[in-house]
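Chains as they are written, first to last, in this note's numbering: chain F, 10 to 130; chain Y, 814 to 1404. Okay, so here's the structure we're looking at.
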């Protein structure tokens, strides 16, 4: 298990807390951010092994964030999660280069599978 | 056969056999009838000259009974001109008829014109009373004389150039006496009042007529007459026929008798008729609307008969009597059409449209039935949209207006106006289709949008609940569950479940228009939510929404969802209004 923390970015507080709780239970260290912008400013000081980000947020979306990171040469594995289900949006998220796109509500097993793909679990 | 005595007479002389075949034809016959002797020889004379059909048997009867006939006949010359011939026919031997003819066409025309004119003249004088005035124009004579002495030789020219001088002449003309009719026409009850200057009766526009009368008198003409306009003392104007007689004995005393004939009523009636006729003509032919005049005499009679038989619902009658419509439509005759009608029907000429109206209405049986039924029940007007088949075989849409003017009712004429509305109908159809498509698209898109955002709002807490639940299970699987952690998870789960429940409740109230939930709301928040909610739709239509929100608005008490619906509707209306435009601004400002 890698020593670096996992970053959780979601503007929904409940989701943030629940995910962080789950990750800690699973033995990871988790840092939470309310927005992509917060992650880009504060998060850049704290290297992480994986990013779990919501797609739809006020401000930058998870997809925008992935693009920004790619552009600056940071290829930290990213798992996108979303409560939306429009095919166009899902296709866009999948095409962004994220390891996987999980639709809320998702099983813990699905999340673990994603983390394994990211080589962190 | 050389020229002989026949050719020296001015009368036409024609010899024929007993059956009327020409055997001789003199030079005057060639002159009068235009046929040469060669052309005429051997032809039946009455056929050749188209002697009026009724006259020929009379001539034959005269010859048979008394050996001769005399009278005026109408014949047609070679060039088609109708001529009146004073004819004398004599059976000169058992097998020879001699006819002499004189061309009296011009004389006859003159006589007719004369008798018409006399008739009219007589009518005018019998039917209309004349207003007589006796005038003293001693002063006028003096003024004109002074002018002559001053060296003015061109009196007409001087008068034309100096209307003020004419005014002075009129003012100087004194009324000595008037008859009763003059009093009632020009006065206001008191004859004495009228025995003064002529000025009040002579408007400036009529000055030239006065001047012309003076000139006529000075030049020694026995009388003068002209049509002019005079005024009563209180300003009523009349069109009059003005006559002045200058008998030498009266003139010597400086007296003058004038007669004034009121032609106003007659003139006005005539003018009104002419004007209305002319107006109708120009309306009919130059209105940018296709117009057809129809003769429905036959149908009008049939309608009367049906009404006598107790029929009162023509539509029902049509239903019960198949074939009646065809008969009715064919009985109506188109008798006049204007240029627009020719164009509307893509006809080669007006003639193509004349005749039974059934051809013109081939595509509009129901409209025409309704039109007939409406006329049957006494309506003077009927209007409907209909289809017509033009002569190029294309179908067009037209607005059909049938009008049965009262003035035409006696003659059972009707006017039909038609307006080509093909373009309009096509445009309307296209517009309706576009609107339907747009509305559908908007509905679909709104529905999709709504579903997606419902899903998102519900999935958010559901996701949290699932994660919290699974985390709790994993804690419980441990040998020493952290009770504090489990409690926190349970609390969050309950709270998330409530949140999901709230979403569902809101949606349900939106769908079922449930009781509004009143709360203190910041309007700006509501507006922002709506714009966010409509974001994808705005982007899809490349529309930019700019919010111009007043800061520090007081909170209002209202139902958030209902207010959201209101703002969303406003925004969607604005979107639809801007659809298809390159650039447009639509603003909604709450007051």
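Beta carbons are placed, not taken as given, at the ideal position from N, Cα and C, and that holds for glycine. Given the structure is predicted, the values throughout are model-derived calculations rather than measurements.
- The beta carbon of residue 114/F sits closer than 8 Å to some beta carbon of chain Y.
- For the segment 12 to 37 of chain F, the residues whose beta carbon sits under 8 Å from a beta carbon of chain Y are, in order, 21, 23, 24, 26, 27, 28, 30, 31, 34 and 35.
- Note on residue 823/Y: under 16 other CB atoms within 10 angstroms of its CB, so exposed under the neighbour-count rule.
- Neighbours of residue 1315/Y in chain F, taken as residues at a C-beta separation under 7 Å, are lacking, since the least C-beta distance is about 13 Å.
- Interface flag for residue 1362/Y against chain F is unset, since no Cβ pair is found closer than 8 Å.
- For the pair residue 1298/Y and residue 1311/Y, the Cα-to-Cα distance works out to about 20 Å.
- Beta-bridge partners assigned by DSSP to residue 1230/Y: 1104/Y and 1214/Y.
- Under the three-state reduction of DSSP output, residue 1014/Y falls in the helix class.
- The CB of residue 1273/Y comes closer than 8 Å to the CB of 21, 23, 24, 92 and 113 in chain F, given here in chain order.
- Contact between the segment 1232 to 1244 of chain Y and the segment 1287 to 1294 of chain Y is absent, with fewer than three C-beta pairs closer than 8 Å.
- Judged by beta-carbon spacing, residue 17/F lies within the 8 Å limit of residue 41/F, meaning their Cβ atoms are closer than that value.
- C-alpha of residue 952/Y to C-alpha of residue 982/Y: approximately 8 Å in a straight line.
- The way I'd put it, the segment 1112 to 1122 of chain Y doesn't touch the segment 1192 to 1209 of chain Y; fewer than three beta-carbon pairs between them come closer than 8 Å.
- Taking one beta carbon from each stretch, the segment 1206 to 1219 of chain Y and the segment 1229 to 1237 of chain Y have 3 or more pairs nearer than 8 Å; the two touch.
- Interface flag for residue 1338/Y against chain F is unset, since no Cβ pair is found closer than 8 Å.
- The beta carbon of residue 43/F does not come within 8 Å of any beta carbon belonging to chain Y, so the residue lies off that interface.
- Of the candidates 1021/Y, 1267/Y and 1058/Y, the residue whose Cα lies closest to the Cα of residue 1319/Y is 1267/Y.
- Sequence-distant partners of residue 859/Y (beyond 5 residues in either direction) whose C-beta falls short of 7 Å from its own C-beta, in its chain, are 833 and 869.
- With fewer than 16 neighbouring CB atoms inside 10 Å of its own CB, residue 1286/Y falls in the exposed class.
- In the DSSP annotation of this structure, the continuous segment of the alpha helix (DSSP H) that includes residue 1180/Y starts and ends at 1178 to 1189.
- Here residue 820/Y carries a helix assignment [DSSP, helix/strand/coil].
- Taken through DSSP and simplified to helix, strand or coil, residue 1051/Y comes out as strand.
- Contact between the segment 900 to 914 of chain Y and the segment 869 to 883 of chain Y is present: three or more C-beta pairs spanning the two stretches fall below 8 Å.
- Residue 1043/Y sits close to residue 1015/Y, with the two beta carbons spaced by under 8 Å.
- Going by DSSP, residue 859/Y is part of the alpha helix (DSSP H) stretching over 858 to 861.
- Residue 1194/Y is bridged by DSSP to 1216/Y.
- Looking at the DSSP output, residue 1058/Y sits in a beta bridge with 1036/Y and 1070/Y.
- One finds 34 in chain F with Cβ atoms closer than 7 Å to the Cβ of residue 1288/Y, taken in chain order.
- Between the beta-carbon of residue 1155/Y and that of residue 1170/Y there is about 15 Å, and that puts the pair past the 8 Å contact cut.
- Taking a 10 Å sphere around the C-beta of residue 1140/Y, we find fewer than 16 other C-beta atoms and assign the residue as exposed.
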